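Novice:
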Amino acid sequence: MLLKILSELKNESINLKSLKMPKIFFLIGFVIYFLILTLGIHKLSVSQINANNKILQQVPGGDKGIGPFQNVPLGAIDNARVKKGLTIFISKCMVCHELDKVKIGPPLREITKQRTPEFILNMIVNPVEMQKSNPEIKKQFIKYHNIPMTDLQISKEDAKNILDYLRSIAK
Ligand code: HEC
């Protein structure tokens, strides 16, 4: 498509050469502008694809973790849940987690982009088994100085509230 347009423009500019010079400059300018534009768009879409790939790579094999959550389709973020989730997060999770830097555990701002919803929910309600048997959490366990995340006896509903809070803070 692009080549066709370009060759048409080229032919036209040759015809015009004998007629009017300014028009040729205008055409050349247009061609350059067009090239920059298409290259720019191309670059943009490549970086978007890379960003998407990154997200896919960070969710290893769509790892759902170990626990009661095996299929949690996501709807829109629910504001009532976000508020409840925030309250629990402040009182129970912030002892060990910050959003943007390592505390005792990993930072959690981008966690909903790195893990499946099921993985996060299972980690919240079932951390002990996750530490024993989930390869990803085993790695984290070593990385975070062998201090384990404790089982805080969070209900399934509250885990979902926390999940919506975590979804709401991701950039
Ligand atoms: C006693 C400290 C502690 C508390 C309290 C705690 N965590 Fe953790 N968390 C950790 C550590 C340490 C890890 C790394 C894995 C491990 O060693 O268990 C972790 C891992 C996680 C992960 C997995 C991160 C990943 O990259 O996969 C999530 C999600 C998580 N915590 C969420 C929470 C939420 C939500 C709460 C509150 C309900 C909470 N944690 C409370 C210490 C804690």
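If you read the sequence shown in this note's numbering, its first letter stands for residue 10, the second for the next number, and so on.
C-beta atoms are modelled at their ideal positions from N, C-alpha and C, and glycine is treated no differently.
Since the model is a prediction, treat every value here as computed from it, not as a measurement.
Do you know offhand how far ALA179's Cα is from LYS122's?
Specialist: Translated into positions along the sequence shown, residue 179 becomes position 170. Translated into positions along the sequence shown, residue 122 becomes position 113. Rounded to the nearest angstrom, the two C-alpha atoms are 8 Å apart.
Novice: Among the residues of its own chain, which have a CB less than 8 Å from the CB of ASN5, if the five just before and after it don't count?
Specialist: Past the boundaries of the shown model lies residue 5; the chain is included only from 10 to 180, so the question cannot be answered.
Novice: Pick out whichever of ILE151, ILE133, ASN88 has its Cα sitting closest to the Cα of CYS102.
Specialist: Numbered from 1 along the sequence shown, position 93 holds the residue referred to as residue 102. It is ILE133.
Novice: To the nearest angstrom, report how far apart ASN80 and LYS112 are at their CA atoms.
Specialist: Position 71 of the sequence shown, counting from 1, holds the residue named residue 80. Position 103 of the sequence shown, counting from 1, holds the residue named residue 112. For ASN80 and LYS112, the distance between alpha carbons rounds to 30 Å.
Novice: Give, in chain order, every unbroken run of the beta strand (DSSP E) that is at least 3 residues long and sits entirely within the region 96 to 178.
Specialist: Within the region 96 to 178, no complete beta strand (DSSP E) run reaches 3 residues.
Novice: Check whether the region 164 to 172 and the region 89 to 107 touch, using three or more Cβ-Cβ pairs below 8 Å as the test.
Specialist: The region 164 to 172 is in contact with the region 89 to 107.
Novice: For PRO116, collect the residues of the same chain with a Cβ closer than 8 Å to its Cβ; drop the 5 residues on either side in sequence, then sort them by chain order.
Specialist: Working through the sequence shown from its first residue, we reach residue 116 at position 107. Same-chain partners within the cutoff: HIS106, GLU107, LEU108, ASP109, LYS110.
Novice: Would you decide whether PRO82 is buried or exposed? Buried here means 16 or more other CB atoms lie within 10 Å of its CB.
Specialist: For the purposes of this step, residue 82 is identified with residue 73 of the sequence shown, where counting begins at 1. It counts as exposed.
Novice: Specify the secondary structure class of LEU81 as computed by DSSP and reduced to three states.
Specialist: The residue given as residue 81 occupies position 72 in the sequence shown. Leu is not the amino acid found at residue 81; the sequence shown has Val there. VAL81: coil per DSSP, three-state reduction.
Novice: Between ILE171 and the ligand HEC, is there a pair consisting of the residue's CB and a ligand heavy atom that are separated by less than 6 Å?
Specialist: Looking up residue 171 in the sequence shown gives position 162. Yes, the beta carbon of ILE171 sits closer than 6 Å to at least one heavy atom of the ligand HEC.
Novice: Here's the rule: buried if 16 or more other CB atoms are within 10 angstroms of the residue's CB, otherwise exposed. What is ILE156?
Specialist: For the purposes of this step, residue 156 is identified with residue 147 of the sequence shown, where counting begins at 1. Result: exposed.
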